[in-house]
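K.L.:
In our numbering, the protein residues as written are 5 to 737. This is the structure I want to talk about, given as structure tokens.
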């Protein structure tokens, strides 16, 4: 027999000897969180009778199959032995029964009145309410009352199969075991009435209930308190005739029960004065207690059930409150964006608006490039078409694809190549800064193209000596695909509308790496570009604010960048952005307690960035989870209307942003789908960033694959005749 070999490193047990692929943590943890959240919602919906609940009520049927002795008998029906018997209460014995509880408002009041008058009663509790309020069930048992089953979800059992009936009983018992450590043999069917109301549909259920070991308890005196007829009428309805014994039906849940509580407080002393005793059922019948203590696995299963239900209640309550707060803040942010972006647009578009004296001096444009062979020619040629005088420095950061050679071979005037070993984007920018000749520095990415007017528009704010940095208007050039269209919406609405707002508030958090400008003196004062974070653009912007410089937005300085074209590339980019933003916030956290410009940014800018770029997106999937839950389990119409309302606000904001940027509205067609799918991707990315931050992980700068398809509007920049000026082409450093 030939021997079998396994490739080195292959996972044992794999049929083909290959290594089993494991789901990465960045996917596994978010999936587990969402599954757990959905499970909590489903559990909460189950115990709130929103899931698997059956609210049908059967009409009365004939009574041909019901024994006459049951129809004419008492309210206690025992079919456990296979023979149907019924019992009546002795004279002057009253058993008060309360259905549908426990209720957190009214059950304690009922218990207080019973305790005040030294009376016992029977509480027929539903499993849903017992699971939610176990302390009240325990109080009932501790104070000597009996507890009976009223099913788990309160369905009409005549519609249900035997399997569903068993489920209703077992789940109800599970809740009792977890709440009070007991089982009970008492049962009252939902929607039951007097014994003579038993019919051919309900009687088979009663017989089956007996085979499961339960005594069925109906009533023979209905207070009709659920109709809220008034205290006096409730007392009259609950009073038996001629001193007879009775089982009285009341309710401690299901609505406002203040009349029941008031009537009870008068009814008990009045009837005691007439010689009545108020006992629980087994006391009134001189029978063994209906309760049996549970222990061992049954007890722990019950306690585990109560724990899970309570956890689902608390977690979902917190999430609902958190979602309400975040939702209010997000809507407030939308309103603020609309208001302040409008103010910004009106201000900078006035005919007499000027930043100061026109800026005409040449500027240095730094282009850090790492393996940008597919893009770099378009980038450099777009700069050569600039309406503003520029020198271009392409800093080749150890490219292995000939990026530097491509630029050198172009032979363009005022273009220099600076080579260095691979050291990262911040080091490349600092190297370019050291070799730059001019006092205004423009920074852009190697996959970005400028319009002819971009540099001129970008540097005009430096006419104001208080301005230290300017953010340009970055746009998605490859927007024809669905994922490109989603990013286009995000850039126009989420970034540029934000920048208008932050400009007015004077706390802009990020100058985009694709198009930004700085005073050389401002850069040098803050120590240049830092590699402390993966978001060097956010880091330098926050440093500018803390140093007292104004950071503004130039809407006409448009740059066209190549956005990621696959989910994996988008993931890599946003992972770096979100993690780098967290790093920058943490790095500049001392601004919260500092004075002056740094303190102003710390107490205005940092909270806004933390809330809307780090915390709020983390809760974004809750919107869709609650939407899905509401659509499936109700209230469907209200849920859809609420979601459409939020979407309408987003559409208004997006349409306004597109109008300000003079963009076509057709791309907004994909906005609803973006809100459902794209947000989930951003949530997982942000959660992965949180995991990396909390575990102390270190993320490396990640290079995205480029296609070089992005061009400025108007088509490709025409090739220019190269000038033979060796000093302008010679590599530096």
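Positions of the beta carbon are idealized from the N, C-alpha and C atoms, including for glycine.
Hey, residue 524 and residue 443: beta-carbon distance below 8 Å or not?
P.N.:
Locating residue 524 in the chain shown gives position 520, where the first residue counts as 1. Locating residue 443 in the chain shown gives position 439, where the first residue counts as 1. Yes, they are a contact pair.
K.L.:
Tell me, which residues are paired with residue 645 by DSSP?
P.N.:
As a first step, residue 645 must be located in the chain shown, where it is residue number 641. DSSP, once it has assigned bridges, lists no residue as partnering residue 645.
K.L.:
In this structure, how does DSSP classify residue 450 when only helix, strand and coil are distinguished?
P.N.:
Here the question's residue 450 lines up with position 446 in the chain shown. Coil.
K.L.:
What does the alpha-carbon distance come out to for the pair residue 580 and residue 574?
P.N.:
Numbered from 1 along the chain shown, position 576 holds the residue referred to as residue 580. Numbered from 1 along the chain shown, position 570 holds the residue referred to as residue 574. Cα to Cα, the separation comes out at about 10 Å.
K.L.:
Going by CA-CA distance only, name the one from 562, 507, 577, 538 that's closest to residue 555.
P.N.:
Indexing the chain shown from 1 puts residue 555 at position 551. Nearest of 562, 507, 577, 538 to residue 555, Cα basis: 507.
K.L.:
Assuming the contact rule is C-beta atoms closer than 8 Å, residue 152 and residue 198 should be a hit. Round their C-beta distance to whole Å, please.
P.N.:
For the purposes of this step, residue 152 is taken as residue 148 along the chain shown, with counting starting at 1. For the purposes of this step, residue 198 is taken as residue 194 along the chain shown, with counting starting at 1. Rounded, the Cβ-Cβ distance is 17 Å, inconsistent with contact.
K.L.:
Look at the Cβ atom of residue 316, then the Cβ atom of residue 44, and state whether they are nearer than 8 Å.
P.N.:
Counting from 1 along the chain shown, the entry for residue 316 is found at position 312. Counting from 1 along the chain shown, the entry for residue 44 is found at position 40. In this structure, residue 44 lies closer than 8 Å to residue 316 by Cβ.
K.L.:
Who pairs with residue 310 in a beta bridge, going by DSSP?
P.N.:
The residue given as residue 310 occupies position 306 in the chain shown. Answer is none; residue 310 lacks a bridge partner.
K.L.:
In angstroms with no decimal places, state the Cα-to-Cα distance between residue 821 and residue 683.
P.N.:
In the structure as shown, the chain starts at 5 and stops at 737, and residue 821 therefore has no counterpart that could be examined.
K.L.:
Which stretch, first to last residue, makes up the beta strand (DSSP E) that contains residue 188?
P.N.:
The count along the chain shown starts at 1 and reaches residue 188 at position 184. It spans 186-188 - the beta strand (DSSP E) in which residue 188 sits, taken as one unbroken run.
K.L.:
Along the chain, where does the beta strand (DSSP E) that runs through residue 544 open and close?
P.N.:
Residue 544 sits at position 540 when you count from the first residue of the chain shown. Residue 544 -> not in any beta strand (DSSP E); alpha helix (DSSP H) instead, spanning 540-550.
K.L.:
Tell me, which residues are paired with residue 424 by DSSP?
P.N.:
Along the chain shown, one-based indexing puts residue 424 at 420. Its beta-bridge partners are 401.
K.L.:
Counting only the same chain and skipping the five closest in sequence on each side, list residues whose C-beta sits under 7 Å from that of residue 105.
P.N.:
Here residue 105 refers to the residue found at position 101 of the chain shown. 111, 127, 129, 133, 256, 257, listed in sequence order.
K.L.:
Give, in chain order, every unbroken run of the alpha helix (DSSP H) that is at least 4 residues long and sits entirely within the region 283-370.
P.N.:
Scanning the region 283-370 from its first residue to its last, the whole alpha helix (DSSP H) runs of 4-plus residues come out as 285-288, 301-352.
K.L.:
With DSSP as the reference, label residue 220 as helix, strand or coil.
P.N.:
Counting from 1 along the chain shown, the entry for residue 220 is found at position 216. Reduced to three states, the DSSP call for residue 220 is strand.
K.L.:
Select from 299, 594, 216 the residue whose C-alpha is nearest the C-alpha of residue 185.
P.N.:
Mapped onto the chain shown, residue 185 falls at position 181. The option with the nearest alpha carbon to residue 185 is 299.
K.L.:
Give me the Cα-Cα distance between residue 37 and residue 694, rounded to the nearest whole angstrom.
P.N.:
Residue mapping note: residue 37 aligns to position 33 of the chain shown, counting from 1. Residue mapping note: residue 694 aligns to position 690 of the chain shown, counting from 1. Whole-angstrom Cα-Cα distance: 13 Å.
K.L.:
Beta carbon of residue 371, beta carbon of residue 459: below 8 Å?
P.N.:
The residue given as residue 371 occupies position 367 in the chain shown. The residue given as residue 459 occupies position 455 in the chain shown. Result no, Cβ atoms of residue 371 and residue 459 do not sit closer than 8 Å.
K.L.:
Taking all protein chains shown into account, decide if residue 582 is buried (16 or more other Cβ within 10 angstroms of its Cβ) or exposed.
P.N.:
In the chain shown, counting from the first residue as 1, residue 582 sits at position 578. Counting the other CB atoms within 10 Å of its CB gives residue 582 a total of 16 or more, which places it among the buried residues.
K.L.:
Let me confirm a value: residue 548 is counted as buried when at least 16 other C-beta atoms fall within 10 Å, else exposed. Which label applies?
P.N.:
Counting from one through the chain shown, the residue named residue 548 turns up at place 544. Label assigned to residue 548: buried.
K.L.:
Counting along the chain, where does the beta strand (DSSP E) carrying residue 477 start and finish?
P.N.:
Position 473 of the chain shown, counting from 1, holds the residue named residue 477. Per DSSP, residue 477 belongs to the beta strand (DSSP E) from 471-480.
K.L.:
According to DSSP, which residues form a beta bridge with residue 98?
P.N.:
Stepping through the chain shown from its first residue, residue 98 is reached at position 94. Partner(s): 250, 282.
K.L.:
When you compare only the Cα positions, how much space is there between residue 376 and residue 383?
P.N.:
Here residue 376 corresponds to residue number 372 of the chain shown, with the count starting at 1. Here residue 383 corresponds to residue number 379 of the chain shown, with the count starting at 1. The alpha-carbon atoms of residue 376 and residue 383 are separated by roughly 10 Å.
K.L.:
Return the CA-CA distance between residue 644 and residue 445, expressed in angstroms with no decimal places.
P.N.:
Along the chain shown, read from residue 1 onward, the residue named residue 644 stands at position 640. Along the chain shown, read from residue 1 onward, the residue named residue 445 stands at position 441. Roughly 50 Å separates the two Cα atoms.
K.L.:
Can you grab the Cα-Cα spacing for the pair residue 233 / residue 266, in whole Å?
P.N.:
By one-based count along the chain shown, residue 233 stands at place 229. By one-based count along the chain shown, residue 266 stands at place 262. The straight-line gap from Cα to Cα measures roughly 12 Å.
K.L.:
Is it right to say residue 492 is buried, meaning 16 or more other beta carbons lie within 10 angstroms of its own, or is it exposed?
P.N.:
Residue 492 sits at position 488 when you count from the first residue of the chain shown. It is buried - the Cβ of residue 492 has at least 16 other Cβ atoms within 10 Å.
K.L.:
Can you give the Cα-Cα distance for residue 223 and residue 253, rounded to whole angstroms?
P.N.:
Position 219 of the chain shown, counted from the first residue, corresponds to residue 223. Position 249 of the chain shown, counted from the first residue, corresponds to residue 253. Cα to Cα, residue 223 sits roughly 6 Å from residue 253.
K.L.:
Since residue 387 and residue 454 are thought to touch, with beta carbons under 8 Å apart, how far apart are those beta carbons, to the nearest angstrom?
P.N.:
As a first step, residue 387 is located in the chain shown; it is residue number 383 there, counting from the start. As a first step, residue 454 is located in the chain shown; it is residue number 450 there, counting from the start. Confirmed, Cβ separation roughly 6 Å.
K.L.:
Given a threshold of 16 other Cβ atoms within 10 Å of its Cβ, counted over all protein chains shown, does residue 61 qualify as buried or as exposed?
P.N.:
Locating residue 61 in the chain shown gives position 57, where the first residue counts as 1. With fewer than 16 other Cβ atoms within 10 Å, it is exposed.
K.L.:
So what does residue 103 bridge to, in DSSP terms?
P.N.:
The count along the chain shown starts at 1 and reaches residue 103 at position 99. For residue 103, which the question treats as bridged, DSSP gives the partners 128, 255.
K.L.:
With C-beta atoms as the reference, is residue 588 less than 8 Å away from residue 670?
P.N.:
In the chain shown, counting from the first residue as 1, residue 588 sits at position 584. In the chain shown, counting from the first residue as 1, residue 670 sits at position 666. Result no, Cβ atoms of residue 588 and residue 670 do not sit closer than 8 Å.
K.L.:
For residue 196, which residues of its own chain have a beta-carbon under 6 Å away from its beta-carbon, when the five flanking residues on both sides are left out?
P.N.:
Counted from its first residue, the chain shown places residue 196 at position 192. Contacts found: 222.
K.L.:
Under the DSSP definition of a beta bridge, which residues are partnered with residue 504?
P.N.:
Translated into the one-based positions of the chain shown, residue 504 becomes position 500. DSSP lists no partner for residue 504.
K.L.:
How is residue 557 classed by DSSP in three states: helix, strand or coil?
P.N.:
Residue numbering aside, residue 557 sits at position 553 when the chain shown is read from its first letter. Three-state DSSP puts residue 557 in a strand.
K.L.:
Could you give the distance in angstroms between the alpha-carbon of residue 559 and the alpha-carbon of residue 526?
P.N.:
Taking the chain shown and counting its residues from 1, one reaches residue 559 at position 555. Taking the chain shown and counting its residues from 1, one reaches residue 526 at position 522. Computed Cα separation, rounded: 22 Å.
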